[in-house]
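Data block below; observations after.
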Amino acid sequence: MKLSMYTAHARDVFPPDFAAALRRYRDLGVQGGVFLQSELKKIPFHRYCDYLEDAGMTLDGFVSQCNVASFDENTRIDQMALLKGQIDHAAKRGIPLVMIAPAVEEATTTEERLLMREHMVESYNAIIDYARGSGIRITVENFSLPTRADSFTEDLRYLFD
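Listed below in structure tokens is the structure:
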């Protein structure tokens, strides 16, 4: 069995030396890491990958938090371009999985939630098509919030269909 972790925990537990923290987790038996887009505010994508590889850990996944379901069309377009770039970076570094966990505005009405869901379907289909042939698996994260279009069982079934 291979043990992977969200690498954000290393920063939380062993600040401020991130490289030493990753090595410590490796020494505890963690073999791979998954990192979040929000972590890139401090460390660029390529350098984050270097830290994991230097610690002897595999790059198991990347979690994109791009708002590909925004109510604003220009935001969706910009965020899709950013997500495509993230997929390109992941493919270059051999990261096998990109999880989409969009940071979205909260829906205040059922109509907004359903519109958000339609934006998710459109964006997820486009990104799956984009990633096809790259070796990257696309997954999505769901949330348990009534203000999101990926929370209820009916929404998830709709997204999967």
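Under our numbering, the first residue of the sequence shown carries the number 20, and numbering increases by one thereafter. Ideal Cβ placement from N, Cα and C applies to all residues, glycine included.
| Ordered along the chain, which non-local residues of its own chain (more than five positions away) have a Cβ less than 7 Å from that of R156? | P115 and L116
| With a CB to CB cut of under 7 Å and the five nearest residues on each side skipped, what residues in its chain are close to I147? | I157
| request: Give the DSSP bridge partners of T77, in chain order. | output: G51
| For S163, which three-state DSSP category applies? | coil
| field | Inter-residue spacing [alpha-carbon to alpha-carbon] between G152 and I106 | value | 12 Å
| So, using beta-carbon positions, are G48 and T26 closer together than 7 Å? | no
| R132 classed as buried or exposed, judged by whether at least 16 other C-beta atoms fall within 10 angstroms | buried
| Sequence-distant residues of its chain with Cβ nearer than 7 Å to A40 (five each side left out) | A29, R30, V32 and F33
| message | Please give me, in chain order, every unbroken run of the beta strand (DSSP E) with length at least 3 that falls completely inside the region 74 to 138. | response | 77 to 83 and 116 to 119
| request: Report yes if the CB atom of D79 is closer than 7 Å to the CB atom of S23, and no otherwise. | output: yes
| Beta-bridge pairing of S23 - partner residues as DSSP gives them | G51
| field | Stretch pair the region 57 to 66 + the region 87 to 98: three plus CB contacts closer than 8 Å | value | no
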